[in-house]
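Since the structure comes first, as structure tokens, the remarks are kept for the end.
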Amino acid sequence: MAELVFFSGTMDSGKSTLALQTHHNHSNAGRSGLVFSKNDRHGISQISSRLGLTSEALEVVKETDFHKLVTQKLSQGEIVDYLICDEVQFYTPEQIGQLARLVDDLEIDVFTFGITTDFRTELFPGAKRLLEIADRVNMLQVETLCWCGKKATHQARIINGAMTVEGEQVVVGDAIPNAKPEGVVYEVLCRKHHLRQVTSRIAKQEHISKSTLPFN
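Okay, so the sequence shown: first residue is 8 according to the numbering used here, each after it adds one.
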């Protein structure tokens, strides 16, 4: 039986790598699938992994209707056995419903990949809907770590070197906490340090400050 499956984890947990591996495995088994992504950090119409793996993908936009798109392809004689959907946290709840209809009406497997909460620890609309209606939710087993060594559970948005919990929900950036402070980057933190807004840069600065002997 076809399923709607949600693979979830924090940044750097291997979601896009798993999406590409899933596509590879099903394709090698002789199945035909479509690959989708949205707001990939390296550009439109692609899935990119931080391990360096990339693949072409159909870019999801607000107007994308998955059910209509797939039924059109089927009516033209194309075979669609499965869908790979990356960055699903950015999809609309309506689009998640369309994916569910493909599973229920047309017996097409849909494998979705994304994070659940944003930099404010609030659920993304797409992820929320998947948690509500997916046949299976799989938390990725590759644990990401906070700078303190504890399991990372939250994404922090850092703008020009300072962590923020205000602003638009979707702002594309990369997970490079030790890069130059200009611009938008993201860092994974444990709950404690996310609530206290202590990023790796701040922790390093505080360590240096405490280690410096005062000279008066």
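From the three backbone atoms N, C-alpha and C, an ideal C-beta is built for every residue, glycine too.
- Listed in chain order, the alpha helix (DSSP H) elements of length 4 or more contained wholly in the region 54-122 are 73-82, 100-113.
- Taking the CA atoms as reference points, Leu196 sits about 48 Å from Gly84.
- The Cβ atoms of Ala159 and Phe126 lie no closer than 8 Å to each other.
- Burial is judged here by how many other beta carbons sit within 10 angstroms of a residue's own beta carbon; Lys75 has fewer than 16 and is exposed.
- Distance between Leu152 and Met18, taken at the CA atoms: about 10 Å.
- Around the beta-carbon of Leu109, 16 or more other beta-carbon atoms lie within 10 Å, marking it buried.
- The DSSP-derived three-state label of Arg208 is helix.
- In this structure, DSSP gives Glu213 a helical state, which the three-state scheme calls helix.
- CA-to-CA, the gap between Ser82 and Gly40 works out to about 15 Å.
- When C-alpha distances from Glu173 are compared across Cys155, Leu11, Gln204, the shortest belongs to Gln204.
- In its chain, beyond the 5 residues on either side, Trp154, Ala163, Ile165, Met170, Pro184, Glu194, Leu196, His200 have a beta carbon closer than 8 Å to the beta carbon of Thr206.
- Three or more beta-carbon pairs separated by less than 8 Å are not found between the region 104-119 and the region 52-66, which leaves the two stretches without contact.
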